[in-house]
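The structure appears right after this line, and notes come after that.
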Amino acid sequence: MFKFIGVLLVLFAGTMIGLVQSARYSARPRQIRELLHALQRLETEIGYGRTPLPEALDRIAAAVPKPLSAMFARISGSLSGEEARSGETVRDCWEKAIHEFWPATAMKLPEKEAALRLGASLGGSGREDQLKHLRLAFHQLQAEEAAAREDQRKYEKLSRSLGMLGAALVVILMI
1 MFKFIGVLLV LFAGTMIGLV QSARYSARPR QIRELLHALQ RLETEIGYGR
51 TPLPEALDRI AAAVPKPLSA MFARISGSLS GEEARSGETV RDCWEKAIHE
101 FWPATAMKLP EKEAALRLGA SLGGSGREDQ LKHLRLAFHQ LQAEEAAARE
151 DQRKYEKLSR SLGMLGAALV VILMI
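Going letter by letter, the sequence shown gives residues 1 to 175 in our numbering.
Have a look at this one:
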């Protein structure tokens, strides 16, 4: 009886591991698209609305889902809160928020690097220069989204299958 329960638990755990990994493969392109949408909104706010950066980031935080919304809300709060009065730059606030919230996303290092490069140019240059950097980050993230979709196509089903088959192997070795 205990052996049967152990077999079921091992099969369940292996299947869940495969499903979690599969979910990460499907979440990455979706989160990159959400970040692209946020950058488009930021470009519109800066370019056409001429909205101050903290207010623009606050509007974006309200428009995108978590975990990106929390990241943009933190940047906005940092720019208009105590950190702004203590002399922190936009770059500092941006980098802190990226480093704090990035582990909660399914995105990888190339997307993080593009976001950090963008943060280095926001707030410290003219409007046209900021728009150029936003477009550059947008194009870089579009390329990463295509790669993420390809990874999803290749590895999503594979990771689900490997989770179940790995668990089945462990069960066979147990018996």
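Beta carbons are placed, not taken as given, at the ideal position from N, Cα and C, and that holds for glycine.
Just to confirm, is the Cβ distance from residue i to residue j under 8 angstroms?
{"i": "Pro54", "j": "Ser76", "result": "yes"}
{"i": "Ile32", "j": "Glu150", "result": "no"}
{"i": "Ala114", "j": "Gln140", "result": "yes"}
{"i": "Leu39", "j": "Ala137", "result": "yes"}
{"i": "Ser78", "j": "Glu88", "result": "yes"}
Might you give, ordered along the chain, the residues of its own chain that have their beta carbon closer than 6 angstroms to the beta carbon of residue i, omitting 5 neighbours on each side?
{"i": "Ser59", "result": "Looking at the sequence itself, residue 59 is Arg, so the reference to Ser does not match. Counting only Cβ-Cβ distances below 6 angstroms, and skipping sequence neighbours, we find nothing."}
{"i": "Ser159", "result": "Gly18, Gln21 and Ser22"}
{"i": "Val7", "result": "Val171"}
{"i": "Phe72", "result": "Leu57, Ile60 and Ala61"}
Take residue i and list the residues in its own chain whose beta-carbon comes closer than 8 angstroms to its own, dropping the five residues that flank it on each side.
{"i": "Arg127", "result": "Ile46, Gly47 and Arg50"}
Of all the options the options, which has the alpha carbon lying nearest to the alpha carbon of residue i?
{"i": "Arg153", "options": "Ile17, Ala27 and Glu88", "result": "Ala27"}
{"i": "Ala56", "options": "Pro67, Arg74 and Lys66", "result": "Arg74"}
{"i": "Glu43", "options": "Met174, Leu134, Ile175 and Leu162", "result": "Leu134"}
{"i": "Ser199", "options": "Arg41, Gln142 and Val90", "result": "Residue numbering for the chain in the displayed model covers 1 to 175; residue 199 lies beyond these limits and cannot be assessed."}
{"i": "Asp92", "options": "Ala106, Leu122, Leu36 and Lys132", "result": "Leu122"}
Measure the beta-carbon distance from residue i to residue j and round it to whole angstroms, keeping in mind my assumption that it falls under 8 angstroms.
{"i": "Ala104", "j": "Pro29", "result": "So it is not a contact: roughly 17 angstroms between Cβ atoms."}
{"i": "Val64", "j": "Glu111", "result": "In fact, because the Cβ distance is near 14 angstroms, the residues do not count as touching under 8 angstroms."}
{"i": "Glu95", "j": "Leu116", "result": "6 angstroms"}
{"i": "Leu9", "j": "Ala168", "result": "Incorrect: roughly 13 angstroms between the Cβ atoms, too far for contact."}
Only counting the same chain, and skipping five residues up and downstream in sequence, which positions put a Cβ closer than 7 angstroms to that of residue i?
{"i": "Met164", "result": "Gly14, Thr15 and Gly18"}
{"i": "Tyr25", "result": "Asp151, Gln152, Tyr155, Glu156 and Ser159"}
{"i": "Ala106", "result": "Arg24, Ala27, Arg28 and Gln31"}
**Message:** For the pair the region 19 to 35 and the region 84 to 104, tell me if three or more CB-CB distances fall below 8 angstroms.
**Reply:** no
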